[in-house]
Amino acid sequence: MLMQIQVEEDRIGLSPEILRRAFLDNLFYIQGKPLALATKNDFYIALAYTVRDRMLHCWNSTASTYTARGSRTVCYLSAEFLMGPHLGNNLINLGIYDQMKQAIEGLDLDFEELIAQEEEPGLGNGGLGRLAACYLDSLATLEIPSMGYGIRYEFGIFDQEIRDGWQVEITDKWLRYGNPWELPRPEWAVEIKFGGYTEPFTDDQGRYRVRWIPAWSVKGVPYDTPILGYQVNTANTLRLWKAEAPESFDFEAFNQGNYYRAVQEKVASENLTKVLYPNDEKFEGKQLRLQQQFFFVSCSLQDMFHILERQQLPLEAFPQKFTVQLNDTHPAIAVAELMRLLVDKYLVEWDKAWDITQQTLAYTNHTLLPEALEKWALDLFAGLLPRHLEIIYEINARFLDRVRLKFVGDAERTARMSLIDEQGARYIRMAHLACVGSHAINGVAALHSELLKQTVLKDFYEFFPEKFSNKTNGVTPRRWIALSNPSMTKLITSKIGSGWIKHLDQLRQLESFVGDIEFQRQWRESKRSNKQSLAALVKNRLDITIDPDSLFDVQSKRIHEYKRQHLNALHIVTLYDSIKQNPTLEITPRTFIFGGKAAPGYYMAKLMIKLITAIAEVVNGDPDVRDRIKVVFIPDYNVTNSQPVYPAADLSEQISTAGLEASGTGNMKFAMNGALTIGTLDGANVEIREEVGAENFFLFGLITEEVAALKEQGYNPWDYYHSNDALKAAIDLIASGHFSHGDRDLFKPLVDKLLHHDPFLLLADYASYIECQTKVDQAYRDTQHWTRMSILNAARMGKFSSDRSIRDYCKEIWKVQPIEVL
Ligand code: GPK
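Residue numbers (the working numbering): 34 to 855.
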């Protein structure tokens, strides 16, 4: 029987009047408050439900369509999804931002203030997690059936406070006031087992099999969030798993009468998804982290088998029904878990199971940094996943046989390619497991994908070159332009219509206005108003006055030595010193803006924050320089706080040591919003420069090959220190205690590392960087020319829409087609 539900206008109507009525209705029936008693949070929740109601129709239609069509589905497995606040984005994608604003303001409420109430789900560290979020937006917008699978951390990335110039970490209690965007689906919970031992047995059909007798288990409960595409009816699902105490694993009987023990077990189970590990590009071999990885991977794969069952598809159809993308090696245990489920649970024979596994999985690498490569100590792994270890041994044995056959007598190669690192203590190499178990392997920018083939994955490239490809990253123009930069959005749309939001290549049409004086003026006006807004935020939060007419020079990203925030700091110190030496020096007034978190255990990164804030204190307090240079460190850089930053930037700092930044995505967000880049030939900078034109990009520094050659021949930072007066002066000033109230010890570790090791070649790139910054200084004075370059940067960023990235993945890896939802 077909049941048609009667949809009330209050749940779907889009006019300001209906939206207002629906909002008041939600305030009354969901928050249980009349207008007069409601708090800001009540208003926010009522607003969120008003928006969610309008999405649920899309979500249900999408689910029905996919079920009826049995559509091929992309499953994006990621330990991180850095979604950012949902409300504003959903309003944009529904196309009702302005109507809702009108509805709310009609009640004399401050719309922006209500939007700002949302605590963002910060379930990621940085680029990798945010990329996953941009990809979900594009998948939905391109009407691709897809699911994001991950972990519902109770505490996401920590909130950062700056006290006395140092980073302090505060627990992120994002669920404190509830989460209106998710729906728990306890009926689809699954069981995840850990520990114990295995034993061989012969089943009743006389087959040799292995049984895993686990020691403990947890329950995985899915929480679903709708991901609506832009101006389409497609709403896909982000399914995040929360760990709870198991039902079937019989603690009740086990703990006969021991109530407290039983409660303890429950608490222990829930610890599994309690907190996101705050390391970015640094592997930490913690047992709980491996538990998290296996937990969400097993939950997600079991979920796929349930979907297959519900759609009455045979096991062999698994790789036709699902294509599974591994976002880095965090979910790489999927190789062994999919094999285990197929072989042990569904009794598929090994070779067939291996075919299915390889056809299903694909792997994206996000970094070449050796300290990021995941390798699990064998004992730890064996204790948690004894059956998976056996499966990995079997995969390895079969794989290495093939290696020996192809490279006869090359024992070193075999050892290098093994899934097990046996030099000393033994480890499982997760990148090797991912490569062997996947049919496709990709890097995230052209240069990075080339370097992968030449360095960390060289042996694997030589073994199966056909698996390798590049998929340059992209970012969604919905959040990063339409939502974050309404003034520029309005201006662009007034010239070329609004099609560019979905087809970013159309921004090229702006090139015909680049010489139009009136358009240039409007462009500057928009940038100026964005700078004004950021200045107001900075005044409000930090009580620092910054001049919107100064050049806004921004570096915002995780704090890392390879990203070289301290090179930027050296430039500031150099400018400061030259003004002090020559008080009448004419320079373009600049505001240096930083934002970013340091991993709590990364001492040098925390010291870099202290260095920046210490320089800020001296510079901003010195009447001789403070009208020419200002330094601001914006605390707690997250998606919410980043949204006003990109539109306000004039200059984007992308200054990593060449060869080390896999792609970067902030570089794209800045350029799309009309900032010019000062950067090295690294990651996606290379392609950005190619697109916008070398004449519209400030290039400096050694290239990858020169970095390698310099290190090869024996790099000595001392030579650079002694042969460059300005460099020596800057470093000496820091070492002298000038920025640390006379304390010469404070920055000693940082200074010593630069002088004696300098693994990221700051000193080698210093001269080139300073020279390039001088060119920036000059160029900014030619307002018209700068405006031209700014317009051309935005106009030529079409390639860096995540829509383009996703189309490439769909065509070349996932082989999946759009399905329209009516
Ligand atoms: C790469 F390996 C990792 C990681 O652990 N975390 C992370 O954010 C970043 N990344 C790269 O550093 C960026 O260059 C890249 O743009 C981003 O991943 C997305 O691919």
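Glycine included, C-beta positions come from ideal geometry on N, C-alpha and C.
Keep in mind it's a predicted model, so treat the numbers as computed, not measured.
Any chain C beta carbon closer than 9 Å to residue i
i: Phe76; result: Of the protein chains in this structure there is only one, and it is not chain C.
Collapsed DSSP secondary structure at residue i in the structure displayed
i: Ala44; result: The sequence shown places Arg at residue 44, not Ala. It is helical.
i: Val664; result: strand
i: Met34; result: Any reading at Met34 must be qualified, since the residue scores a pLDDT of 41, below 50, and its modelled position is unreliable; the value itself is stated next. Met34 falls in the coil class under three-state DSSP.
i: Trp819; result: helix
i: Met180; result: strand
i: Lys252; result: strand
i: Ile803; result: helix
i: Phe414; result: helix
i: Ile461; result: strand
i: Arg777; result: coil
i: Arg272; result: strand
i: Val201; result: strand
i: Arg196; result: strand
i: Val223; result: strand
i: Ser685; result: strand
i: Ser520; result: helix
i: Tyr635; result: coil
i: Thr400; result: coil
i: Ile648; result: helix
i: Phe733; result: coil
i: Leu216; result: strand
i: Thr306; result: coil
i: Ser171; result: helix
i: Thr390; result: helix
Limits of the unbroken alpha helix (DSSP H) element including residue i
i: Thr624; result: Looking at the DSSP string, Thr624 is not in any alpha helix (DSSP H); the run it does join, the beta strand (DSSP E), is 623–628.
i: Leu438; result: 419–439
i: Ser611; result: 598–614
i: Gln588; result: Element bounds for Gln588: not the alpha helix (DSSP H) but the beta strand (DSSP E), 584–589.
6 Å CB neighbourhood of residue i in its chain, flanking five on each side removed
i: Ser769; result: none
i: Phe493; result: Cys468
i: Leu466; result: Ala365, Val368, Leu452
i: Trp214; result: His119, Thr258
i: Met34; result: Interpretation of Met34 is limited by its pLDDT of 41, a score under 50 that renders its predicted location unreliable; no figure is taken from the coordinates.
Contact test: residue i Cβ vs ligand 1 heavy atom, cutoff 8 Å
i: Asn158; result: yes
i: Asn506; result: yes
i: Glu694; result: yes
i: His399; result: yes
i: Ala464; result: no
i: Leu164; result: yes
i: Asp170; result: no
i: Thr447; result: no
i: Glu314; result: yes
i: Ala717; result: yes
i: Leu490; result: no
i: Val477; result: yes
i: Gly128; result: no
i: Gly139; result: no
i: Gly712; result: no
i: Asp361; result: yes
i: Ser697; result: According to the sequence as given, residue 697 is Gly; it is not Ser. Yes; taking the cut-off as 8 Å, the Cβ of Gly697 has a heavy atom of ligand 1 nearer than that.
Enclosing beta strand (DSSP E) for residue i [first to last residue]
i: Tyr241; result: 241–246
i: Gln553; result: Here Gln553 belongs to no beta strand (DSSP E); instead the alpha helix (DSSP H) covers 550–575.
i: Tyr230; result: 230–235
Bridge-paired residues (DSSP) for residue i
i: Trp92; result: According to DSSP, Trp92 bridges with nothing at all.
i: Ala473; result: Ala395
i: Leu156; result: Phe114
i: Thr258; result: Leu271
i: Asn503; result: Gly476
i: Tyr842; result: The partner list for Tyr842 (beta bridge, DSSP) is empty, contrary to what the question assumes.
Nonlocal neighbours in the same chain, by C-beta distance under 7 Å from residue i, ignoring five residues either side
i: Gln132; result: Leu47, Ser48, Pro49, Leu52
i: Arg373; result: Arg420, His421, Ile424
i: Phe144; result: Lys134, Ile137, Glu138
i: Ala763; result: Leu603, Val606, Thr607, Asp610
i: Gln817; result: Gln553
i: Met337; result: Cys108, Phe355
i: Ser331; result: Ile225, Glu370
Spatial neighbours of residue i in its chain, beta-carbon cut-off 8 Å, leaving aside the 5 residues before and after
i: Phe446; result: Checking the sequence, you will find Arg at residue 446 rather than Phe. Once the five neighbours on either side are set aside, the close Cβ partners of Arg446 are Val436, Phe440, Asp492.
i: Ile839; result: Tyr168, Ser171, Leu172, Leu175, Ile177, Gly507
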